[in-house]
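Contents: one structure, followed by commentary.
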Amino acid sequence: PVLVVDFGAQYAQLIARRVREAHVYSELVPHSMSVDDMLAKDPQAIILSGGPASVYVDGAPTIDARIFEAGVPVLGICYGFQVMAHELGGRVDKAALGEYGKTEAIIDDAHGLLEGSPATQSVWMSHGVAVIEAPEGFQALAHTEGAPVAAMQDPVRKLYGVQWHPEVTNTPLGQELIDNFLHRCAGLPASWTASDIIDQQVEAIRKTVGPHQVICGLSGGVDSAVAAALVHRAVGDQLTCVFVDHGLLRKGEVEQVKHDFVQATGIKLIAIDASQDFLTALKGVTEPERKRKIIGEKFIRTFEKAARQVVAQAGEKGEEVRFLVQGTLYPDVVESGGGDGAANIKSHHNVGGLPADLGFTLVEPLRTLFKDEVRAIGTELGLPDEIVWRQPFPGPGLGIRIIGEITQARLDLLREADAIAREELTKAGLDRDIWQCPVVLLADVHSVGVQGDERTYGSPIVLRPVSSEDAMTADWSRLPYDVLSAISTRITNECRGVNRVVLDVTSKPPATIEWE
Ligand code: XMP
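Per full-length UniProt numbering, the very first residue in the sequence shown carries number 5; after that it's consecutive.
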């Protein structure tokens, strides 16, 4: 792997992703890991990330200089670049001018790391300390007003450094720099592709699962679908999928799972229509957290019951269900401090939180992957676009998008309005520009309208289109007025009981993406 050493910056994950985008496998490791442990992973290259610290602060994180002598190509970025320069005897000092944000870099030598670069580049900076003089053996490649040495290389020792952040989209030529480092400087082939990942995972799954039976819960989302398809590719009919329809999915999604997914994969599926059960359990409930809790618990109980049936049926045939598939992704693993070691069960209600006495061992074929890789694999495995490119949708579904009590009629109404919004957004080609667009029914609010010759009391529908990188923060999407207008006209015409459509123009924070 290419190791990305995390110095505590928010950018380390982004670097790991960019490496994957160059079709090279990457892994994140903490800077506290010993150099011996890093080298034991047999890295093909190492990237030192940026960090919040300055090399001069007491206790500033550093790295054993042996890392630069192991013959492994190393790229230092921002703080990592300064650590490299400092450790190897360069001069690092307070910058005459701190640079934060968009900065112009003057390229003095467009070779190696900066091969193919124009004479100047717009780059993203965040530093108050600068490399004043490169260590011996290094050529300086670029400078900026505040950074006398903004990029450097020593091709003999295969050591490279850059002050700016090539991993962010605000550095337009950043991916080129990362490509140069990996392919040109470190000589790594672009071989991490969807079909490679599938081959490797299929082999690993077969080895783990052996002759035993596997069970997988489908939620309608991308991750569980791709995880299931991958396991199916590996062990075929040893896999049984369970799909609990809680009645809170969007229009067409139940069919997508029950028909399109099954047709595309040939997977054995047990679908349970529990929608009436859920409605009964939710009767009279309006408090958001209680809704979530009821939906989550009911979901687990329903899945558990189905799982016990699958286990019993397998038992009759003398088989044993030993494994449970889960669609855990790499960011979840990293954020829970994992990496290797113990499985991290998502606290989302999807399939996580199953009682331990079911006694399954987890199979997590996506635990080294980022979302874009999961999508690429899904496509490669032949899953339909509607599943592969499904936007994020909360586990509790439309249940937390009806503000007020959940009833069948309200669900039907919201499902229709949501379908219209999705259709129009797709028609306008906006699906991949926005992160998601919750459509919310303010069921207990009644406002006056006039439709035909009549005065009406109807409930408003809220559109909540947002753009985001990771859902931690978000901004409201500036959708074109004519698209908003088309959605509004259709919803008020086609959804009886809705006489008003409003737009949510709040970022996150202070608001969350969902209303409940
Ligand atoms: P909020 O509303 O917290 O949402 O800004 C952040 C992202 O998470 C999604 N979301 C959920 N996803 N189970 C999920 O699987 C949940 O209970 C849940 N609640 C919110 C939400 O759609 C957004 O993408």
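Glycine is no exception: its CB is placed at the ideal position from the N, C-alpha and C atoms. Remember, predicted model here, so these are calculated numbers, not experimental data.
With a cut-off of 8 Å on Cβ pairs, the stretch 149-156 is in contact with the stretch 102-114, counting three or more such pairs. When DSSP states are grouped into helix, strand and coil, residue 272 belongs to the strand group. The distance from the Cβ of residue 96 to that of residue 133 is about 6 Å, consistent with a contact at the 8 Å cut-off.
The closest CA to that of residue 311, considering only 328, 321, 296 and 300, is found on 328. Here DSSP, grouped into helix, strand and coil, assigns residue 438 to coil. In the DSSP assignment, residue 146 is bridged to 111 and 155. Within the same chain, and ignoring the five residues on either side of residue 197 in sequence, the residues whose Cβ sits closer than 7 Å to its Cβ are 27.
The residue from 367, 366, 364 and 395 with its alpha-carbon nearest to that of residue 376 is 395. Taking C-beta atoms as the reference points, residue 47 and residue 23 fail to come closer than 7 Å. The C-beta separation of residue 235 from residue 209 comes to about 6 Å, placing the pair in contact by the 8 Å criterion. When only Cα atoms are considered, residue 98 and residue 60 end up about 9 Å apart. Between the stretch 452-462 and the stretch 480-492 there are fewer than three inter-stretch CB-CB distances shorter than 8 Å, so the stretches are not counted as touching.
As the crow flies, the alpha-carbon of residue 325 is around 14 Å from that of residue 221. The beta carbon of residue 518 sits closer than 6 Å to at least one heavy atom of the ligand XMP. When C-alpha distances from residue 466 are compared across 451, 477, 510 and 443, the shortest belongs to 443. Between residue 334 and residue 457, the alpha-carbon positions lie close to 57 Å from each other.
In this structure, residue 53 lies near residue 81, with their beta-carbon atoms less than 7 Å apart. Shown here, residue 318 sits in a helix according to DSSP, grouped into three states. The residue among 339, 474 and 279 with its C-alpha nearest the C-alpha of residue 371 is 339. Using a cutoff of 6 Å, the CB of residue 398 counts as near the ligand XMP, since one of the ligand's heavy atoms is closer than that.
Distance between residue 385 and residue 254, taken at the CA atoms: about 24 Å.
Only buried fits residue 244, as 16 or more other CB atoms lie within 10 angstroms of its CB.
Looking at the DSSP output, residue 461 bridges to 452. When the Cα atoms are used, residue 248 and residue 281 turn out to be separated by approximately 11 Å.
Within the stretch 74-128, the complete alpha helix (DSSP H) segments of 4 residues or longer fall at 83-91, listed in chain order. With contacts defined by Cβ atoms closer than 7 Å, residue 18 and residue 171 form a contacting pair.
Closer than 6 Å to some heavy atom of the ligand XMP: that describes the Cβ of residue 475. By the CB criterion at 7 Å, residue 164 and residue 79 fall inside the cutoff. The beta carbon of residue 231 sits closer than 6 Å to the beta carbons of 329, 331, 369 and 370 from its chain, once the five residues preceding and following it are set aside; these are given in chain order. Counting only runs that start and end inside the stretch 220-291, the alpha helix (DSSP H) elements of at least 4 residues fall at 226-239, 266-269 and 279-286. By a beta-carbon distance limit of 8 Å, residue 428 contacts residue 494. Their separation comes to about 7 Å.
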